[in-house]
Structure formats: structure tokens, C-alpha cells
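Undergrad: Take this structure first; my questions come after.
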Ligand SMILES: [Fe+2]
Ligand SMILES: [Fe+2]
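This is how it looks when you write it as C-alpha cells:
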């Protein structure tokens, strides 16, 4: 294809997105669109999968059967989210094995939040409330993104997320209404998760490289800072409602802007965790690699069985 | 060893409705594909019936040929009831 032909294809393509038409897997797309989507969708899928690890830590120690089945169901949902997203990503012409390889080699990123440890039962509350809460804010606009398979996966994901946040908040609420030690435990979890959750919404706008392009392709509808503000505004009253304190001395309501003001975030810490120096980066990746490597014989055995069955059927047919 | 093949999953959400494509998954054989589809796509009673089809068995039309494939229908207005102008007094038609 000549450069001029590509140029005109690109114009048709961009116009299509501007008209809110979806792009489907076999449609022509600029290479950059394909690569950006592979990167973002796979990062998203990896986050869902790695995100099961900090919560999996508490399944056997959940305080009641009710809490245990809810936590199990939530974690199973996250596995499902990972699969919807891997499946969407594969439609762009990359294989599941390549995607896993990128995660396991450290080439691909996943959300940094999952590199923090879950130290007490209250962390299951804080994670559901704040981490899933921030994820929902990130994800809802993606239901209208331009790539069809991604948008459809996100619709499914968003439908399931609200239970996650509600079960988390209810854990916090119950602890906050409990003994002084239980309330203390809830407050401690909020203290540790608050700032990492705010950072989940991404670097500040001036440090974010992808925003303009992402807006055009509807991978983003609002900037990171707008999303963060939305998260703070909706979460502060929720904390107040259950008598917990947001761990930010600079937090204050601005009656003119009708928004909360809050402290500058520690972006140095954020980038350290992204670069692999968070408290649990190594543990998380090791867990993923071990699961994949130790499961290899199972995958091979299942495939060998399937092939044997197929040969048997062929023979019978003859 | 070969990787598990890809399967496309179709779910009928309730009797009376058609099966609809809802995504794909990897499985070593059809039985496992059905089991995985149940776990991945029907955790909240989203379905009463599942089809799985090896992705490699699907033949798709080429979007680059959408013009010649679908546009011929565009100038055939006579296939629609509104093409036929009839007197307003005419009832039940
Ligand atoms: Fe999720
Ligand atoms: Fe979730």
C-alpha cells in the first residue's frame, strides 16, 4: 500500500471512531491502534489475574462462611474478567501464550496496586471498597470505547464490579461498628490503601504521555486527574458515614469548586513500584510464574488426552 | 506440546432467544470448552444453553469487501413496504 493510500485509510478510520462507530477485529486499523490496544487490554487482563493474589491470601482465613463464599465469588469474578480481556486482546492477533510470556518476563505491566501486601482481614474490605471502587471509575467509560471486543468485555466487567465494591464496603462498615480493635483495624487498612488507590487512577495529567491519543480513540473519556477528583469526591462521604478518617491532613471541602482538595501524591513511590521495587512485586510475579510452570504437565496431559480421543473417533469412523 | 485451541462461545440467555456470541476461551477439547464456558460466562444465570465452536472452524466475510457484499441491498428500496405508496383511506395493510 502506498503512503497516500494508508493516509486516506487512516482518515476514514478516524472519522469512523469520531462518529462513534466501533472497530471490529477484521477491520483495517492503523498499526499504532493495534499495538496501543494490545498493550492496554493485556495490561488490564494481567491486572485482573494478578489482582486475585492479594485477596487469595485471605480465603482460608475469612472470619465466617458467608465472608468466605463472597470473597471466593469475587476472586472468581476477577479470573473471569482476566479471561474476557485476554479473549478480547487475542482478537488483535496476539496469542494467549505470548501475552503470558510478556507478563511472566516482566515486559508487560499490571496495575501497581497489587504490589502492596494484604496484612489483615480489614484489607479485604479496603481493597473491595477502594481498589475496586477506583477500578470502576476507570472502567465505566471504557464500556463506550472504540474497539468492539474491548467495549463488550468492559460491559460485562462493569456489571460484575459493583458487587465487589459493596461487599468490600460492608466488611469495612461491620468492622467500624465493631470493637475498638476492629475499628482500629479498619482505620489502619484505610490508612495504608488510601494513597495507593488514588495513584491507581494514573499519573497526573502533565506527566501522562498517552492522554491525547487515548481520548481520540475513546480509550479515555476523562483525564486521570478528573477521575481522581471524582473518586475522592465520592469516597470521602462514604468514609465519614462509617466513622473512618481519610488519612490526609490536607483534605478539605472547597465550597466554591464543590470539590475536595487533597495532598500532592508521592509519585516517587508510584514510579518505584511501577519499576518493580514495591513491597510485593517479586512475590506476585513468582506466584504467577510458578502457577504457569507447575501447571504445564496438566496442560500437556489434557491435550494428549484430547488428541487420543480424537484419534479414536477417527478410527471408529473408518 | 501443542497449545490448547481457541473456542468461540455462544449462549442462549433464555428459551425463546437465539444463542449469542459472548467471547472465546482456550480448552483442550469440546467437553472442557463447555465446562470452562459455564464457569466463565454463566456465573450469574446468564444462560440456559451453551454452544462452543472451534474458532478455526469459523469462516468470516472480509470487511474489505463490505462494499460489494452489502451495498447492493442499498438501492433496493422496493424490498421495503414503505416503497409502495397507497391511498391513506386504505386500512389494515
Ligand atoms: Fe475485575
Ligand atoms: Fe473487582
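Protein chains in written order, with this note's numbering: chain A, 467 to 784; chain B, 4 to 96. For glycine and all other residues, C-beta sits at the position ideal for the given N, C-alpha and C.
Is the CB-CB distance between residue 92/B and residue 58/B below 9 Å?
TA: The answer is no: Cβ separation not under 9 Å.
Undergrad: Measure the C-alpha to C-alpha separation of residue 576/A and residue 71/B and round it to an integer number of angstroms.
TA: Looking at the two C-alpha atoms, the distance is approximately 43 Å.
Undergrad: Please look up how many angstroms separate the CB atoms of residue 731/A and residue 661/A, rounded, as I've assumed it's under 8 Å.
TA: About 6 Å; that satisfies the 8 Å criterion.
Undergrad: Measuring from the CB of residue 32/B, is there a heavy atom of ligand 2 at a distance below 8 Å?
TA: The answer is no for residue 32/B.
Undergrad: Does any CB atom of chain B fall closer than 9 Å to the CB of residue 550/A?
TA: It does; some Cβ of chain B falls within 9 Å.
Undergrad: Would you tell me roughly how many angstroms separate the C-alpha atoms of residue 637/A and residue 85/B, rounded to the nearest one?
TA: Each residue's alpha carbon lies about 60 Å from the other.
Undergrad: Should residue 618/A be flagged as near chain B, meaning a C-beta pair shorter than 9 Å?
TA: True, the Cβ-Cβ gap to chain B drops below 9 Å.
Undergrad: Taking Cβ-Cβ distances shorter than 8 Å, what residues in chain B pair up with residue 556/A?
TA: Going along chain B in sequence order, the residues near residue 556/A (Cβ under 8 Å) are 9, 27.
Undergrad: How close, in whole Å, do the beta carbons of residue 667/A and residue 604/A come, if the pair is a contact with beta carbons under 8 Å?
TA: That belief holds up - the Cβ atoms of residue 667/A and residue 604/A are roughly 7 Å apart, short of 8 Å.
Undergrad: Should residue 590/A and residue 528/A be called a contact, given that it needs their Cβ atoms to be closer than 9 Å?
TA: Cβ atoms of residue 590/A and residue 528/A: closer than 9 Å.
Undergrad: In three-state DSSP terms, what is residue 61/B?
TA: The answer is coil: DSSP assigns residue 61/B none of H, G, I, E or B.
Undergrad: Less than 9 Å between the beta carbons of residue 35/B and residue 768/A, yes or no?
TA: Taking 9 Å as the Cβ cut-off, residue 35/B and residue 768/A qualify as a contacting pair.
Undergrad: Taking 9 Å as the CB-CB cut-off, is residue 754/A touching chain B?
TA: Not one chain B Cβ lies under 9 Å of residue 754/A.
Undergrad: Quick check: residue 437/A and residue 510/A, are their CB atoms within less than 9 Å of each other?
TA: Residue 437/A is absent from the model: chain A starts at 467 and stops at 784.
Undergrad: Along the segment 42-53 of chain B, what residues have a CB closer than 7 Å to any CB found in chain A?
TA: Under the 7 Å Cβ criterion, the segment 42-53 of chain B contributes 43, 46.
Undergrad: Below 8 Å on the Cβ atoms is my contact criterion, and I expect residue 634/A with residue 606/A to pass it. Report the Cβ-Cβ distance as a whole number of Å.
TA: The Cβ separation is near 17 Å, so there is no contact.
Undergrad: Could you tell me whether any Cβ in chain A is nearer than 9 Å to the Cβ of residue 67/B?
TA: Taking Cβ atoms only, chain A reaches closer than 9 Å to residue 67/B, which makes this a yes.
Undergrad: For residue 683/A, does the count of other Cβ atoms within 10 angstroms reach 16, so buried, or fall short, so exposed?
TA: Burial call: buried.
Undergrad: Mind checking residue 579/A: buried by the 16 CB within 10 Å criterion, or exposed?
TA: Residue 579/A is buried by the Cβ-count criterion.
Undergrad: Closest Cβ-Cβ distance between residue 765/A and chain B: below 9 Å?
TA: Yes, its Cβ sits closer than 9 Å to a Cβ of chain B.
Undergrad: Cβ of residue 630/A versus every heavy atom of ligand 1: is any distance shorter than 8 Å?
TA: Answer for residue 630/A: yes, Cβ within range of ligand 1.
Undergrad: Extract the residue ranges of the alpha helix (DSSP H) inside the segment 64-91 of chain B, only unbroken runs of 4 or more that lie entirely within it.
TA: For the segment 64-91 of chain B, whole alpha helix (DSSP H) runs of length 4 or above, ordered along the chain, are 69-73.
Undergrad: Just mark residue 651/A as buried or exposed, buried being the case when its beta carbon has 16 or more other beta carbons within 10 Å.
TA: It is buried - the Cβ of residue 651/A has at least 16 other Cβ atoms within 10 Å.
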